[in-house]
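Engineer: Residue numbers (the working numbering), protein chains in the order written: chain A, 359 to 694; chain B, 359 to 694. Just so you know, even glycine gets a beta-carbon here, dropped at the ideal spot from N, CA and C.
Number of protein chains: 2
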Amino acid sequence: MSKVDIRRLAEELGISPSTVSRSLRDSHEISESTKNRVRALAAALDYQPHPYASGLRKHKSKTIAVVVPEVANNFFSRVFSGIESITLANNYHVLIYLTHESYEKEVSFIHHLKNGRVDGVIMSLSSHTKNFDHILSLQAADIPVIFFDRICEEIDTAKITTNDFESSYAATNLLIHSGCKRIAHLTTSLHLTTTQKRRDGYLAACRESNLPIEPELLIHENTEEETEKKLTALLSSEHGADGVFAAVEKLSLITYKVSKVLNIAIPDQLKLIAFANTESANYFSPSLTTIVQPAFEIGREAASILMNHLEKKRLPIPNSIIPIAATIIERDSTKS
Amino acid sequence: MSKVDIRRLAEELGISPSTVSRSLRDSHEISESTKNRVRALAAALDYQPHPYASGLRKHKSKTIAVVVPEVANNFFSRVFSGIESITLANNYHVLIYLTHESYEKEVSFIHHLKNGRVDGVIMSLSSHTKNFDHILSLQAADIPVIFFDRICEEIDTAKITTNDFESSYAATNLLIHSGCKRIAHLTTSLHLTTTQKRRDGYLAACRESNLPIEPELLIHENTEEETEKKLTALLSSEHGADGVFAAVEKLSLITYKVSKVLNIAIPDQLKLIAFANTESANYFSPSLTTIVQPAFEIGREAASILMNHLEKKRLPIPNSIIPIAATIIERDSTKS
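Next up, the structure:
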């Protein structure tokens, strides 16, 4: 079966392609009877306008891009579901790009999004991004960009985050109130404002309670292997640690693993709290006390701001940080 | 800064847009010196050809669609990562559509992919899809489709799956060899060939060992709430069950939950094995014995077949089921 396009409709009706095209656009230059014949055949043959032809005409692709470090991750996959709930309702298509924490990939993706493939971008920075020229050039090309979670504060746009400082401060205090005296902080790259704020919340709570903040308690490695090595060294050392605050979900799994290997009982000898969006936290051994980011809501908020800007309302994008509060769920891993 | 397009290049150089366009296509009608001036300015202004204009010319969008039930799911998010590893290497863009198990959404998405937005589709069916006309009409529009996991056997194309029957048969036998006499099977919709084959593997192993197959042991509900209710009724009943084979990851969490509520000890009173791709299986209480589908490899295989067909090699898409074997990882939840 040949593709149903303007040419095919024109042939079957014995009229010119431009008459078909103008009929479908409801042009006043075409008689009602011709328009009706064209519409009837278009419906009968299930004619679909070529999406990119229509994109060229209207300068609107009805497509957005989501640029994230990865998708096999409970936080990012839930944010994506939130974004999708809004794009679906607005009949937008969504391209997804995974940076795998590579600045070079991020730059390359953004570069290819500048000329009309998408109407807007929602993104969370790679952990190695320190230069933001690629984002500025995207904005210069009139493609709006909205940040979530891993944001760039210097760029004028909406940035949806969690209350990272406050929730980290509260999480650290929860460990302190459960009796911890030497709390380790596990995180990844400290280039990101997100991880910096979580570390700052931890530091503020420790300082306030006069807890030691020694270099070996602050573990911020780029790979899981290095984190595991450093945590093993810390927990095997003379002073060790009696609490762990993991700023990233996967680092809580490393803490379970190392504790098991070293035969350290959670929560009796070591208490643990972590930023995590896994549904299984309740079934861990012991169950994991979590700081849960409102991932779905973050995605929904980012997409709503973008859709309100692109669609009929044409609302401006606010230049502000929009925090949505995280929730701490206490379970056995922090029991006194 | 105005967008850098053909018109802008033409204005700056004082030549016609069509001369610019032909220069960029390296037409023999244009002099080398003009072509060089155009190329130099295009490079200097970082000119990017409009992706859809180029798509119209070549009838290639360099874009594929991935249509899946959801993405906040360890199996589908890992398959997506496998797909992305191949599309990235081939410079393809990826649109993603979530059906949320709705047949109507699936039909609507496929309908909008028929006229040029994508060059091919990789999909896993919604659990309510029983009619396949939408897939046939996609193929009729010359858009190739590749299935994975939740496949339609009647449609001519490549279908990447796990060895569902064999791995389910082996998983059930593992429970039997650990001493189970009454094994429950938890699954979702039985419309899908995937879930049917997993059930059949379970039934074959039970029959072979003369274990009872009573209706209350076969729980196949559409919602988690209903599954929880039925499992609670079964485990509270006189004969109960001493083993559970969960065909879907989330149903293993329900089993942990119900056992906790009813104070049934895993593995002493109830053994549990499940299809699962979670990284945390090792940290569950007790750790979970899993049947691990090679999710990343499934995605990679599906995308490789599609890319080999769309790109230079133009290889035909094999009309066959391509199973990639799952691996059983024994942990504490099935210990004798």
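Counting only Cβ pairs nearer than 7 Å, list the residues of chain A close to valine 429 of chain B.
Structural biologist: As a position in the second sequence, residue 429 of chain B is number 71, starting the count at 1. Result: Val429, Ser435, Phe438 and Ser439.
Engineer: Can you tell me which of B:Phe603, B:Leu575 and B:Ala661 puts its alpha carbon nearest to the alpha carbon of alanine 591 of chain B?
Structural biologist: Your numbering for residue 591 of chain B matches position 233 in the second sequence. Ranking B:Phe603, B:Leu575 and B:Ala661 by Cα distance to alanine 591 of chain B puts B:Leu575 first.
Engineer: What's the gap between the Cα of histidine 458 of chain A and the Cα of glutamate 428 of chain A?
Structural biologist: Start at 1 with the first residue of the first sequence, and residue 458 of chain A comes out as number 100. Start at 1 with the first residue of the first sequence, and residue 428 of chain A comes out as number 70. Approximately 6 Å between the Cα atoms of the pair.
Engineer: Please tell me whether proline 407 of chain A and asparagine 473 of chain B are closer than 8 Å, where the distance is taken between their beta carbons.
Structural biologist: As a position in the first sequence, residue 407 of chain A is number 49, starting the count at 1. As a position in the second sequence, residue 473 of chain B is number 115, starting the count at 1. Yes, the Cβ-Cβ distance between proline 407 of chain A and asparagine 473 of chain B is below 8 Å.
Engineer: Please list, in chain order, the chain B residues whose beta carbon lies closer than 8 Å to that of glutamate 637 of chain A.
Structural biologist: Translated into positions along the first sequence, residue 637 of chain A becomes position 279. In chain order: Lys608 and Leu611.
Engineer: Any C-beta of chain B within less than 8 Å: which residues of the region 639-657 of chain A qualify?
Structural biologist: Those residues of the region 639-657 of chain A that come within reach of chain B (Cβ to Cβ, closer than 8 Å) are Asn640, Tyr641, Phe642, Ser643, Pro644 and Ser645.
Engineer: Between the C-alpha atoms of isoleucine 509 of chain B and serine 484 of chain B, what's the straight-line distance to the nearest angstrom?
Structural biologist: Residue mapping note: residue 509 of chain B aligns to position 151 of the second sequence, counting from 1. Residue mapping note: residue 484 of chain B aligns to position 126 of the second sequence, counting from 1. For isoleucine 509 of chain B and serine 484 of chain B, the distance between alpha carbons rounds to 10 Å.
Engineer: Below 8 Å, can you find three or more Cβ-Cβ pairs linking the region 653-673 of chain B to the region 442-458 of chain B?
Structural biologist: At 8 Å Cβ cutoff, the stretches touch.
Engineer: Does DSSP put alanine 562 of chain A in a helix, in a strand, or in coil?
Structural biologist: Here residue 562 of chain A is taken as the residue at index 204 of the first sequence, counted from 1. Helix, per DSSP.
Engineer: In angstroms with no decimal places, state the Cα-to-Cα distance between glutamate 387 of chain B and arginine 380 of chain B.
Structural biologist: If you number the second sequence from 1, residue 387 of chain B lands on position 29. If you number the second sequence from 1, residue 380 of chain B lands on position 22. Those two C-alpha atoms are separated by around 8 Å.
Engineer: If we count the other Cβ atoms within 10 Å of its Cβ and call it buried at 16 or more, is lysine 517 of chain A buried or exposed?
Structural biologist: Here residue 517 of chain A is taken as the residue at index 159 of the first sequence, counted from 1. When all chains shown are included, lysine 517 of chain A counts as buried.
Engineer: Going by beta carbon distance, what residues of the same chain come within less than 7 Å of glutamate 369 of chain B, once the five residues before and after it are set aside?
Structural biologist: For the purposes of this step, residue 369 of chain B is taken as residue 11 along the second sequence, with counting starting at 1. Answer for glutamate 369 of chain B: no residue qualifies.
Engineer: Below 7 Å on C-beta distance, what does isoleucine 454 of chain B contact in chain A?
Structural biologist: Position 96 of the second sequence, counted from the first residue, corresponds to residue 454 of chain B. What isoleucine 454 of chain B touches in chain A: Val452 and Ile454.
Engineer: First and last residue of the beta strand (DSSP E) that includes leucine 544 of chain B?
Structural biologist: Here residue 544 of chain B is taken as the residue at index 186 of the second sequence, counted from 1. Leucine 544 of chain B -> beta strand (DSSP E) spans 541-545.
Engineer: Counting contacts by CB-CB distance shorter than 8 Å, is glutamine 323 of chain B in contact with chain A?
Structural biologist: Nothing about residue 323 of chain B can be reported from this structure: the residues present for chain B run from 359 to 694 only.
Engineer: Do the region 657-664 of chain B and the region 613-632 of chain B touch if we need at least three Cβ pairs shorter than 8 Å?
Structural biologist: Contact between the region 657-664 of chain B and the region 613-632 of chain B is absent, because fewer than three Cβ pairs lie under 8 Å.
Engineer: What does aspartate 500 of chain B touch in chain A if you count any residue whose Cβ is under 8 Å from its own?
Structural biologist: Position 142 of the second sequence, counting from 1, holds the residue named residue 500 of chain B. By Cβ distance, chain A contributes Lys361.
Engineer: With H, G and I counted as helix, E and B as strand and the rest as coil, what does DSSP make of leucine 367 of chain A?
Structural biologist: The count along the first sequence starts at 1 and reaches residue 367 of chain A at position 9. It is helical.
Engineer: When you check each C-beta in the region 466-492 of chain A against every C-beta of chain B, which residues fall closer than 8 Å?
Structural biologist: Going along the region 466-492 of chain A in chain order, one finds His469, His470, Lys472, Asn473, Gly474 and Arg475 with a Cβ nearer than 8 Å to chain B.
Engineer: Looking only at C-alpha atoms, which of B:Glu524, B:Leu609 and B:Ser526 sits nearest to threonine 545 of chain B?
Structural biologist: Counting from 1 along the second sequence, the entry for residue 545 of chain B is found at position 187. Ranking B:Glu524, B:Leu609 and B:Ser526 by Cα distance to threonine 545 of chain B puts B:Leu609 first.
Engineer: When you compare the CB of tyrosine 614 of chain A with every CB in chain B, is at least one pair closer than 8 Å?
Structural biologist: The count along the first sequence starts at 1 and reaches residue 614 of chain A at position 256. Cβ-Cβ to chain B under 8 Å: yes for tyrosine 614 of chain A.
Engineer: Does any CB atom of chain A fall closer than 8 Å to the CB of glutamate 659 of chain B?
Structural biologist: Position 301 of the second sequence, counted from the first residue, corresponds to residue 659 of chain B. Chain A, which has no Cβ nearer than 8 Å to the Cβ of glutamate 659 of chain B, makes this no.
Engineer: Whole-angstrom Cβ separation of glutamate 586 of chain B and isoleucine 612 of chain B, contact assumed at under 8 Å?
Structural biologist: On the second sequence, position 228 is the one that residue 586 of chain B refers to. On the second sequence, position 254 is the one that residue 612 of chain B refers to. Right, the Cβ-Cβ distance comes to about 5 Å (below 8 Å), so this counts as a contact.
Engineer: Would you kindly work out how many angstroms separate the C-alpha atoms of arginine 415 of chain B and arginine 689 of chain A, rounded to a whole number?
Structural biologist: Against the second sequence, residue 415 of chain B aligns to sequence position 57. Against the first sequence, residue 689 of chain A aligns to sequence position 331. Only weak support is given to the placement of arginine 415 of chain B: the predicted model assigns it a pLDDT of 45, under 50, and the question is left unresolved by the model.
Engineer: How about glutamate 704 of chain B: is its C-beta nearer than 8 Å to some C-beta of chain A?
Structural biologist: Nothing can be reported for residue 704 of chain B, as the shown portion of chain B is limited to 359 through 694.
Engineer: Measure the CB-CB distance between valine 396 of chain A and valine 378 of chain A and report whether it falls below 8 Å.
Structural biologist: For the purposes of this step, residue 396 of chain A is taken as the residue at position 38 of the first sequence. For the purposes of this step, residue 378 of chain A is taken as the residue at position 20 of the first sequence. For valine 396 of chain A and valine 378 of chain A, yes; Cβs fall inside 8 Å.
Engineer: Got a sec: is the Cβ-Cβ distance from glutamate 369 of chain B to anything in chain A below 8 Å?
Structural biologist: Here residue 369 of chain B is taken as the residue at index 11 of the second sequence, counted from 1. So, not an interface residue.
Engineer: Which residue marks the beginning of the alpha helix (DSSP H) containing proline 681 of chain A, and which one marks its end?
Structural biologist: Counting from 1 along the first sequence, the entry for residue 681 of chain A is found at position 323. No alpha helix (DSSP H) holds proline 681 of chain A; the beta strand (DSSP E) holding it covers 679-682.
Engineer: In three-state terms, what does DSSP make of tyrosine 641 of chain A?
Structural biologist: In the first sequence, the residue the question calls residue 641 of chain A occupies position 283. It is helical.
Engineer: Counting contacts by CB-CB distance shorter than 8 Å, is glutamate 442 of chain A in contact with chain B?
Structural biologist: Walking along the first sequence from the start, residue 442 of chain A turns up at place 84. At least one chain B Cβ lies under 8 Å of glutamate 442 of chain A.
Engineer: When the cut-off is 8 Å and only beta carbons count, does arginine 415 of chain A lie next to chain B?
Structural biologist: Against the first sequence, residue 415 of chain A aligns to sequence position 57. Model confidence at arginine 415 of chain A stands at a pLDDT of 45, short of 50, so the residue's coordinates are unreliable; what they give is reported in the following sentence. So no, arginine 415 of chain A is outside the interface.
Engineer: Kindly indicate which three-state DSSP category phenylalanine 490 of chain A falls into: helix, strand or coil?
Structural biologist: The residue you call residue 490 of chain A lines up with position 132 of the first sequence. Coil, per DSSP.
Engineer: Jot down the residue ranges of each uninterrupted beta strand (DSSP E) in the region 607-636 of chain B, minimum 3 residues, whole runs only, in chain order.
Structural biologist: Within the region 607-636 of chain B, the complete beta strand (DSSP E) runs of at least 3 residues are 629-633.
Engineer: Assuming asparagine 649 of chain A contacts isoleucine 682 of chain A (C-beta within less than 8 Å), just tell me the rounded distance between them.
Structural biologist: Along the first sequence, one-based indexing puts residue 649 of chain A at 291. Along the first sequence, one-based indexing puts residue 682 of chain A at 324. For clarity, residue 649 of chain A is isoleucine in the given sequence; the question names asparagine instead. Between isoleucine 682 of chain A and isoleucine 649 of chain A the Cβ distance is about 13 Å, and since that is not below 8 Å, they are no contact.
Engineer: When the Cα atoms are used, what is the spatial distance from isoleucine 534 of chain A to leucine 561 of chain A?
Structural biologist: The sequence position of residue 534 of chain A within the first sequence is 176, counting from 1. The sequence position of residue 561 of chain A within the first sequence is 203, counting from 1. Taking the straight line from one Cα to the other gives about 12 Å.
Engineer: Just to confirm the assignment, what range does the alpha helix (DSSP H) spanning threonine 530 of chain A have?
Structural biologist: Numbered from its first residue, the first sequence carries residue 530 of chain A at position 172. Where threonine 530 of chain A is concerned, the enclosing alpha helix (DSSP H) stretches over 522-535.
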